[in-house]
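All remarks here apply to the structure that follows.
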Amino acid sequence: MNCTVVIDRIAGWLGLDRETVASRTDVVVLPFFDGERTPNLPNAAGSIFGLRHTTNPSEILLAAYQGVVSSLLDALRQIDDRSSGVGADAPLVVIGGGAKGTAWRSVVRSLSGRSVQVPDAQEPVALGAAVQATSILTGEPSDSVARRWHTRKGIALPAVTPDEETIDRIRSVRSLALELNTREL
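Be aware that the sequence shown starts at 91, since it is given in my numbering, and climbs by one per residue.
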C-alpha cells in the first residue's frame, strides 16, 4: 500500500499541504480508493463519514491519515497473530517520503501506542535488499547484518498512550460500511 498517495490525493482535493492537519477530528475516512487488500475488499471505495457544516478541511486530512494508519495497523496485527514473532510493543519503523513529515509519525504513534523509528537511510528499501543479499552470500543472519550496518540509525520517538476512542470509531465505521464495500457500486 502506498499510503502517501491517499494523503496527497485528499490534501490536493482540499488544497492543503499534507502537514496541515487538525489536532483532532470526529470524521472517519475509509481510504479504499482502489479497493482494499487487507481485508480483501476488491470492490471497496473510499468513503468519508461524519461531515458537518463545521468540519474544517484539516480535520478531513487528519481523518485520512487515521484511516490509512488504522488499516495498516490492522493488517500488521493479522501478520503478527499468524507468523511474525515480533513483539506487540516493538518499535514501528516508518519509511518513505511521508515518513519525513510529522503528521505520519504522530498518527502512527497515537493509534499504535508504540514507539516509532525513522531511519536516516535515504534508500531504506535498497538497504534492506542489500542486507538480505549479504545475509545470503555470507550466511550471517539478516538481523545481525542489519544491526552491524546500523540500518535503524535515525529518529526514535517514544511510545504514547493509544487513542482508543479514535481506533474504536474507525473500526465501528469500517464495520458498518462493510456491506457497501463488498459489492460493486
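Where a beta carbon is used, it is the ideal one built from N, C-alpha and C, also for glycine. These numbers come from a predicted model, not from an experiment.
When you compare only the Cα positions, how much space is there between residue i and residue j?
i      : j      : result
Val119 : Ile245 : 28 Å
Arg261 : Arg114 : 17 Å
Ala178 : Cys93  : 22 Å
Leu270 : Gly229 : 50 Å
Val158 : Thr272 : 19 Å
Leu182 : Asp171 : 16 Å
Tyr140 : Ala211 : For the sequence presented, residue 140 should be read as Gly rather than Tyr. C-alpha separation (whole angstroms): 39 Å.
Ser137 : Thr144 : 19 Å
Met91  : Gly188 : For Met91, the predicted model reports a pLDDT of 49, less than 50, meaning its position is unreliable and no value from the coordinates is stated.
Val250 : Ser161 : 19 Å
Thr192 : Thr241 : 21 Å
When DSSP builds the beta bridges, which residues end up paired with residue i?
i      : result
Gly244 : Pro209
Val183 : Gln207
Between which two residues does the alpha helix (DSSP H) holding residue i run?
i      : result
Val263 : Glu254 to Leu266
Report the three-state DSSP secondary structure of residue i (helix, strand or coil).
i      : result
Glu274 : coil
Thr251 : coil
Met91  : Because Met91 carries a pLDDT of 49, less than 50, the predicted location of this residue cannot be relied on, and no value is offered for it.
Quick check on the DSSP output: what are the complete beta strand (DSSP E) runs of length 3 or more inside the stretch 99-175, in order along the chain? Runs of the beta strand (DSSP E) inside the stretch 99-175: 118-120 and 137-139.
Inside the stretch 189-237 only - beta strand (DSSP E) runs reaching at least 3 residues: Entirely contained in the stretch 189-237, the beta strand (DSSP E) runs reaching 3 residues are, in chain order, 206-209.
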